[in-house]
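Novice: Chains as they are written, first to last, in my numbering: chain A, 6 to 123; chain B, 76 to 187. Beta carbons are placed, not taken as given, at the ideal position from N, Cα and C, and that holds for glycine. Owing to the predicted nature of the structure, the values given are computational and were not obtained by experimental measurement.
#1: Looking at the C-beta of residue 101 of chain A, does it have a partner C-beta in chain B at a distance below 8 Å?
#2: What is the rounded straight-line gap between the Cα of residue 104 of chain A and the Cα of residue 78 of chain A?
#3: Hey, does residue 146 of chain B have any beta-carbon neighbour from chain A nearer than 8 Å?
#4: Would you tell me roughly how many angstroms separate the C-alpha atoms of residue 97 of chain B and residue 57 of chain A, rounded to the nearest one?
#5: What first and last residue would you give for the beta strand (DSSP E) that runs through residue 17 of chain B?
#6: Which value, in whole angstroms, describes the spacing of the CA atoms of residue 149 of chain B and residue 21 of chain A?
#7: Can you pull the chain A residues whose beta carbon is under 8 Å from the beta carbon of residue 203 of chain B, in chain order?
#8: Does residue 120 of chain A get closer than 8 Å to chain B when you measure Cβ to Cβ?
#9: Give me the residue from B:153, B:186, B:118 with the minimum Cα distance to residue 180 of chain B.
#10: Using a cut-off of 7 Å between C-beta atoms, extract the partners of residue 36 of chain A located in chain B.
#11: What is the DSSP secondary structure of residue 117 of chain B, counted as helix, strand or coil?
#12: Taking the alpha carbon of residue 118 of chain A as the point to measure from, which residue in A:65, A:85, A:80 has its own alpha carbon closest?
#13: Which two residues bound the contiguous beta strand (DSSP E) that contains residue 20 of chain A?
#14: I'd like to confirm the pairing. Which residues does DSSP put opposite residue 72 of chain A in its beta bridges?
#15: Using the Cα positions of residue 147 of chain B and residue 19 of chain A, report the straight-line distance between them to the nearest angstrom.
#16: According to the neighbour-count rule (16 or more other Cβ atoms, all chains shown, within 10 Å of its Cβ), is residue 55 of chain A buried or exposed?
#17: Assuming residue 79 of chain B is part of the beta strand (DSSP E), what are its boundary residues?
#18: Can you have a look at residue 84 of chain B and say buried or exposed, based on whether 16 or more other CB atoms are within 10 angstroms of its CB?
#19: Where does residue 88 of chain A fall in DSSP's three states?
#20: Per DSSP, which residues does residue 163 of chain B bridge with? Please list them.
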């Protein structure tokens, strides 16, 4: 009954390859995110989608392309993988409460995808 | 991008000791969140704070939303081995429904 699930958990590939990571949430949330966690464990936001619409797009190489077929799914496709892409990638989702109340952006995370580029 | 100042970076403690860590910012936040990340897992929410001055507990964990809205602390009392991990603070800026600003994490290690 995993709330935010990512596949695969581990991904080992060669430089120059293209790969995809999938994310699905069953929490009924409207908003999904991709984060990159480097070896120093810092969490860096990459993208965010709200109801299939891109709302956050940080400075990320255009080799990274998110795709949201519906609000429960946010996939990440990476072209021409480089050594520096090796990291743990986390998917998260949230349902900010608004409409007259302070929006509370509680984000729920998947278990991560460990990408190693050789 | 913007980052919160989280300290300490790491802590070596004896089992049974109390632990304290904090986050500060030059900007105000509407919400402060504390997460814990176990090895091989994603961050999990521990405590959420919504109001300046708010003090909230979750078992042995206590967190406070600073009165200036620019800082927060997390205390763990009587630490146990399963407390090891990385603790992250995150703040939600005013006017942003979707953005969180993250600290760099505090790694908690329990001395054998």
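Specialist: From the atom records:
#1: As a working note, residue 101 of chain A is residue 96 in the first chain. For residue 101 of chain A, the answer is yes, since a Cβ of chain B falls inside 8 Å of its Cβ.
#2: Working through the first chain from its first residue, we reach residue 104 of chain A at position 99. Working through the first chain from its first residue, we reach residue 78 of chain A at position 73. For residue 104 of chain A, the pLDDT reaches just 48, beneath the cut-off of 50, and the residue's location in the model is therefore unreliable, leaving the point undetermined.
#3: Here residue 146 of chain B corresponds to residue number 71 of the second chain, with the count starting at 1. Chain A, which has no Cβ nearer than 8 Å to the Cβ of residue 146 of chain B, makes this no.
#4: Along the second chain, read from residue 1 onward, the residue named residue 97 of chain B stands at position 22. Along the first chain, read from residue 1 onward, the residue named residue 57 of chain A stands at position 52. Distance between the alpha carbons of residue 97 of chain B and residue 57 of chain A is about 35 Å.
#5: Summary: the structure shown does not reach residue 17 of chain B, with chain B confined to residues 76 through 187, and so no result is reported for it.
#6: Looking up residue 149 of chain B in the second chain gives position 74. Looking up residue 21 of chain A in the first chain gives position 16. Cα-Cα distance, rounded: 43 Å.
#7: Residue 203 of chain B is absent from the model: chain B starts at 76 and stops at 187.
#8: Position 115 of the first chain holds residue 120 of chain A. False, the Cβ-Cβ gap to chain B never drops below 8 Å.
#9: By 1-based counting over the second chain, the position of residue 180 of chain B is 105. It is B:118 whose Cα lies nearest to the Cα of residue 180 of chain B.
#10: The sequence position of residue 36 of chain A within the first chain is 31, counting from 1. Those within 7 Å of residue 36 of chain A in chain B are 173.
#11: Locating residue 117 of chain B in the second chain gives position 42, where the first residue counts as 1. Reduced to three states, the DSSP call for residue 117 of chain B is coil.
#12: By 1-based counting over the first chain, the position of residue 118 of chain A is 113. That would be A:80, whose Cα lies nearest to the Cα of residue 118 of chain A.
#13: Reading the first chain from its first residue, position 15 is the one you call residue 20 of chain A. No beta strand (DSSP E) holds residue 20 of chain A; DSSP gives it neither H nor E.
#14: Numbered from its first residue, the first chain carries residue 72 of chain A at position 67. The partner list for residue 72 of chain A (beta bridge, DSSP) reads A:80.
#15: The residue given as residue 147 of chain B occupies position 72 in the second chain. The residue given as residue 19 of chain A occupies position 14 in the first chain. Roughly 43 Å between the two C-alpha positions.
#16: Stepping through the first chain from its first residue, residue 55 of chain A is reached at position 50. Label assigned to residue 55 of chain A: buried.
#17: Your numbering for residue 79 of chain B matches position 4 in the second chain. Looking at the DSSP string, residue 79 of chain B is not in any beta strand (DSSP E), and its letter there is neither H nor E.
#18: Along the second chain, read from residue 1 onward, the residue named residue 84 of chain B stands at position 9. Around the beta carbon of residue 84 of chain B, fewer than 16 other beta carbons sit within 10 angstroms, so the residue counts as exposed.
#19: Position 83 of the first chain, counting from 1, holds the residue named residue 88 of chain A. Looking at residue 88 of chain A - three-state DSSP - the assignment turns out to be helix.
#20: Working through the second chain from its first residue, we reach residue 163 of chain B at position 88. Beta-bridge pairing links residue 163 of chain B to B:110.
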